[in-house]
Amino acid sequence: MTQLIDQFGRSIDYVRVSVTDRCDLRCSYCMPKQFHDFHEPEEWLSFDELERVIAAFTRLGTRRVRLTGGEPLVRKDLPRLASQLSALPGLEDLSLSTNCTRMNKHAEELKLAGIDRINVSLDSLDADKFKQLTGGKLEKVLNGLMAAKDAGLSPIKVNMVVMKDINDNEVEAMVDFCIEHGFTLRFIETMPVGDMGRKATDQFIDLKVIKQRLEKSFDLVPGVMPGGGPARYMNVVDTNINIGFITPLSQHFCETCNRVRISVDGTIYTCLGQNHNFELRPLLRAGISDAELEQAIRTAVNLKPEKHEFNEHPEKVLRFMSYTGG
Ligand code: SAM
Ligand code: SF4
């Protein structure tokens, strides 16, 4: 049972680790095209430091960890980190968020290293639009998705950030694509995280509108997915797929938030939409004991605010999403 309870009574049993702030794509809502102001390698937590931190979290009841970024597969030897973490006693679920550009090479290795399942960003199935939105090649991502499927990573969840007049015309096509391949699909509202996220909220679209539109083409009934995340799921009748709606702006889910994030430089961020944070790296490098590390994690969790203020204060979060992971 988790021993990490925040001041609002929420049990924290899920940690997202950003293993790098670098990325080989530049999604329009995430990172500016010319951005290169990344953390230096000496500032990154090493794999051994990360293992030590996650071991402390698992002693405090964490059962689920997600590796994210930036693009986690840009960090060299990521499967080695996955092996180190998946061997930790108490950790039940190790997953990965990825843009899938490099999955072709790594899918089998990741599966063997203990990655159970993946979430994949995919905002368009049109190669030109994909290029325009991310700067990357759609073909690579699709090849990566198929490699992940062949390697038995499951479930595969496709994340689509829906933007008005940009890709909202593709939601039906994305449902068809996910039905064809047996992928779970999640639609996400754009969040004002960093300058790029704030600009993208000009294209904000309330996912209720998307759901109503999909109900005209697909037979949807309430569904469930294990995992306790923020998505509200609908099952597409006569298929094996679920569609999730992640609505941080139109209907927030802060009262059930169960997670904290660790950035590549070893800072714990307790809320995606606030700045409350706690720096672990200086303590780790000053040689704190395991008991002191556990106490530091408790102190960090105590800083977790009640809720984000994306609607009331969209100007608050300056850091880019690629720094903490989504
Ligand atoms: N590179 C990996 C990927 O794209 O899946 C992992 C990191 S990425 C920051 C994690 C998730 O955050 C992606 O699904 C992405 O679409 C989402 N994201 C990034 N910026 C966002 C924003 N401003 N609003 C909503 N979602 C965002
Ligand atoms: Fe990279 Fe993911 Fe951000 Fe896109 S959303 S720029 S893939 S970190």
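Quick note: to get the numbering used here, add 31 to the position in the sequence shown (first position is 1).
A virtual CB, placed ideally from N, CA and C, is assigned to each residue, including glycine.
Owing to the predicted nature of the structure, the values given are computational and were not obtained by experimental measurement.
How would you label residue i, buried or exposed, when you count the other beta carbons within 10 angstroms and need 16 or more for buried?
{"i": "Ala-158", "result": "exposed"}
{"i": "Phe-39", "result": "exposed"}
{"i": "His-137", "result": "buried"}
{"i": "Ser-77", "result": "exposed"}
{"i": "Leu-127", "result": "buried"}
{"i": "Ser-114", "result": "buried"}
{"i": "Pro-223", "result": "buried"}
{"i": "Glu-220", "result": "buried"}
{"i": "Asp-37", "result": "buried"}
{"i": "Thr-298", "result": "buried"}
{"i": "Asp-154", "result": "buried"}
{"i": "Lys-247", "result": "exposed"}
{"i": "Ser-59", "result": "buried"}
{"i": "Thr-132", "result": "buried"}
{"i": "Asn-308", "result": "buried"}
{"i": "Val-240", "result": "exposed"}
Measuring only the C-alpha atoms, how far is residue i from residue j?
{"i": "Asn-271", "j": "Cys-209", "result": "10 Å"}
{"i": "Glu-102", "j": "Asn-130", "result": "7 Å"}
{"i": "Lys-107", "j": "Val-255", "result": "35 Å"}
{"i": "Gly-100", "j": "Arg-292", "result": "11 Å"}
{"i": "Asp-68", "j": "Met-227", "result": "15 Å"}
{"i": "Gly-175", "j": "Asn-289", "result": "30 Å"}
{"i": "Arg-111", "j": "Val-46", "result": "19 Å"}
{"i": "Tyr-300", "j": "Gly-166", "result": "28 Å"}
{"i": "Met-134", "j": "Phe-214", "result": "16 Å"}
{"i": "Val-50", "j": "Leu-109", "result": "9 Å"}
{"i": "Leu-164", "j": "Lys-242", "result": "23 Å"}
{"i": "Arg-53", "j": "Gly-357", "result": "14 Å"}
{"i": "Pro-313", "j": "Arg-350", "result": "20 Å"}
{"i": "Tyr-354", "j": "Leu-251", "result": "35 Å"}
{"i": "Thr-89", "j": "Leu-119", "result": "8 Å"}
{"i": "Asn-266", "j": "Met-352", "result": "29 Å"}
{"i": "Leu-125", "j": "Arg-148", "result": "7 Å"}
{"i": "Lys-180", "j": "Ala-317", "result": "43 Å"}
{"i": "Ile-85", "j": "Leu-116", "result": "7 Å"}
{"i": "Arg-83", "j": "Pro-253", "result": "40 Å"}
{"i": "Asn-273", "j": "Gln-326", "result": "39 Å"}
{"i": "Ser-185", "j": "Met-205", "result": "18 Å"}
Which residue wins for smallest C-alpha separation from residue i, given the options the options?
{"i": "Glu-73", "options": "Ile-319, Phe-214, Leu-176 and Val-295", "result": "Val-295"}
{"i": "Gly-121", "options": "Leu-109, Met-205 and Arg-95", "result": "Arg-95"}
{"i": "Phe-284", "options": "Val-268, Arg-263, Asn-273 and Gly-297", "result": "Arg-263"}
{"i": "Gly-260", "options": "Arg-350, Arg-97, Glu-337 and Glu-211", "result": "Arg-97"}
{"i": "Ala-231", "options": "Gln-34, Cys-61 and Leu-56", "result": "Cys-61"}
{"i": "Leu-245", "options": "Glu-203, Leu-141, Arg-329 and Met-177", "result": "Glu-203"}
{"i": "Gly-92", "options": "Ser-42, Pro-63 and Phe-66", "result": "Ser-42"}
{"i": "Phe-161", "options": "Phe-218, Leu-141 and Met-191", "result": "Met-191"}
{"i": "Leu-4", "options": "Lys-64, Lys-171, Glu-71 and Glu-80", "result": "The chain is shown from 32 up to 357; residue 4 falls before or after that span and cannot be answered."}
{"i": "Gly-304", "options": "Glu-337, Val-332, Glu-310 and Val-348", "result": "Val-348"}
{"i": "Val-48", "options": "Leu-104, Pro-345, Ile-236 and Leu-56", "result": "Leu-104"}
Can residue i be considered in contact with the ligand SF4, in the sense that its beta carbon sits closer than 8 Å to one or more heavy atoms?
{"i": "Glu-220", "result": "no"}
{"i": "Gly-101", "result": "yes"}
{"i": "Asn-130", "result": "yes"}
{"i": "Gly-357", "result": "yes"}
{"i": "Met-191", "result": "no"}
{"i": "Ser-155", "result": "no"}
{"i": "Ser-353", "result": "yes"}
{"i": "Arg-57", "result": "yes"}
{"i": "Thr-165", "result": "yes"}
Nearer than 8 Å: is that true of the beta carbon of residue i relative to any heavy atom of the ligand SAM?
{"i": "Tyr-264", "result": "no"}
{"i": "Asn-150", "result": "yes"}
{"i": "Cys-54", "result": "yes"}
{"i": "Pro-223", "result": "yes"}
{"i": "Ser-185", "result": "no"}
{"i": "Met-227", "result": "yes"}
{"i": "Gly-231", "result": "The question names Gly, but residue 231 in the sequence shown is Ala. Indeed, a heavy atom of the ligand SAM lies less than 8 Å from the Cβ."}
{"i": "Cys-209", "result": "no"}
{"i": "Cys-61", "result": "yes"}
>> Using 8 Å as the cut-off, can you tell me whether the stretch 267-278 makes contact with the stretch 334-344, which would need three or more C-beta pairs spanning the two stretches below that distance?
In response: no
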